[in-house]
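**Student:**
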Amino acid sequence: MAFELKNVVPWGRNLDEYIKIFKLTDFDLNSKIISFGDGPASFNSEMTQLGKKVVSLDPIYQFTKAELKQRINETKETVMEQMRTNQEKFVWKNIKNVEELEQIRMGAMSNFVDDFELGKEQQRYVYHELPNSTKYDTLEFDLGLSSHFLILYSQLGLDFHIQSITEMLRISKEIRIFPILNLNTAKSEVLDDIINHFNSDFVVSIESSDYEFQKDGNQMLVIKRK
Ligand SMILES: C[S@@+](CC[C@H](N)C(=O)[O-])C[C@H]1O[C@@H](n2cnc3c(N)ncnc32)[C@H](O)[C@@H]1O
Numbered sequence: 005m006a007f008e009l010k011n012v013v014p015w016g017r018n019l020d021e022y023i024k025i026f027k028l029t030d031f032d033l034n035s036k037i038i039s040f041g042d043g044p045a046s047f048n049s050e051m052t053q054l055g056k057k058v059v060s061l062d063p064i065y066q067f068t069k070a071e072l073k074q075r076i077n078e079t080k081e082t083v084m085e086q087m088r089t090n091q092e093k094f095v096w097k098n099i100k101n102v103e104e105l106e107q108i109r110m111g112a113m114s115n116f117v118d119d120f121e122l123g124k125e126q127q128r129y130v131y132h133e134l135p136n137s138t139k140y141d142t143l144e145f146d147l148g149l150s151s152h153f154l155i156l157y158s159q160l161g162l163d164f165h166i167q168s169i170t171e172m173l174r175i176s177k178e179i180r181i182f183p184i185l186n187l188n189t190a191k192s193e194v195l196d197d198i199i200n201h202f203n204s205d206f207v208v209s210i211e212s213s214d215y216e217f218q219k220d221g222n223q224m225l226v227i228k229r230k
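Counting from 5, one number per residue, gives the positions in the sequence shown under the numbering used here.
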């Protein structure tokens with residue numbers, strides 16, 4: 005099925021959130037990072053401003069800056085309305101209230117939009133759709149990340165996840181995926197089978213995160229080479 009802009013609801017996090025989500029240390033931040041399904045997050049833009057190295061992959065990078073900006077503006081009110089209706093489903097700890105959430109999300113996405121064309125030119129924003137293979141060399145990256153895509157969208161199925169994670173592990177020495185819940189804030193249906201699949205050839209662990217927005221969504225899956 006073609007990836008169409010009308011089905012995209014852009015929603016992006018910032019560097020401070022990524023640091024908490026993945027417990028990124030100074031050592032991690034100075035390593036070579038690739039981030040899958042990075043969408044309109046400002047992680048890449050903020051990291052680049054600090055002189056760090058991040059490549060972001062996402063299908064939305066096939067669209068133009070103007071198209072993405074327009075789509076962000078079109079969907080903003082609907083998403084914020086849903087957030088107001090479902091407030092009690094979230095933990096207001098890292099983010100204090102709906103107003104702050106709107107400020108943080110819109111700030112992150114505006115930062116992304118401003119950086120998009122330059123970043124695309126510099127091959128920091130690269131159009132890519134999982135579970136397809138990437139153009140990168142084996143173990144080209146130190147750290148591969150997936151924030152709010154893999155495992156969360158469990159409806160994509162186990163095969164999609166195994167194929168996607170296999171490719172992430174081909175090009176990255178270590179990967180981290182957050183959260184390990186599904187969209188209904190229950191344990192993701194694909195989690196146990198993913199762990200069982202990679203357990204024999206890799207070191208697989210569930211580790212705590214410093215971030216919690218979905219209730220009980222404060223853990224990440226970490227897979228490293230033996
Ligand atoms: C909820 S957003 C998360 C964005 C960002 N990682 C963050 O945490 O702020 C999910 C992202 O997954 C992307 N996505 C959807 N299908 C994908 C696929 N097949 N491969 C990679 N990314 C995909 C979407 O375009 C979207 O940007």
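Even for Gly, the Cβ is constructed at its ideal location relative to N, Cα and C.
1) Could you name the residues of the same chain whose beta carbon sits closer than 7 Å to that of residue 113, not counting the 5 residues immediately before and after it, in chain order?
2) Does the Cβ-Cβ distance between residue 178 and residue 228 come in under 8 Å?
3) Check whether the Cβ of residue 6 sits closer than 7 Å to any heavy atom of ligand 1, and report yes or no.
4) When DSSP labels each residue in this structure, what does residue 129 get in the three-state scheme?
5) For residue 9 and residue 71, which I take to be in contact (beta-carbon distance under 8 Å), what is that distance rounded to the nearest angstrom?
6) According to DSSP, is residue 60 part of a helix, a strand, or is it coil?
7) Where residue 87 and residue 101 are concerned, what is the direct C-alpha to C-alpha distance, given to the nearest angstrom?
8) State the Cα-Cα distance for the pair residue 65 and residue 172, rounded to the nearest angstrom.
9) For residue 186, which residues from the same chain have a beta carbon less than 6 Å from its beta carbon, with the 5 sequence-adjacent residues on both sides left out?
10) Given this structure, state the Cα-to-Cα distance separating residue 107 from residue 125, to the nearest angstrom.
11) Examine the Cβ distances between the stretch 88-96 and the stretch 15-34 and report whether three or more of them are shorter than 8 Å.
12) Are there 16 or more other CB atoms within 10 angstroms of the CB of residue 141, so buried, or fewer, so exposed?
13) Taking a contact to mean a Cβ-Cβ separation below 8 Å, would you say residue 213 touches residue 222 in this structure?
14) Is the separation between the beta-carbon of residue 134 and that of residue 168 shorter than 8 Å?
15) I need the DSSP call for residue 76, collapsed to helix, strand or coil.
**Tutor:** On the basis of the coordinates in this document:
1) 14, 16, 44, 76
2) yes
3) no
4) strand
5) Right, their Cβ atoms sit about 6 Å apart.
6) Reduced to three states, the DSSP call for residue 60 is strand.
7) 10 Å
8) 19 Å
9) Here the set comprises 158, 192.
10) 28 Å
11) no
12) Residue burial annotation: residue 141 is exposed, with fewer than 16 other C-beta atoms found within 10 angstroms of its C-beta.
13) yes
14) yes
15) helix
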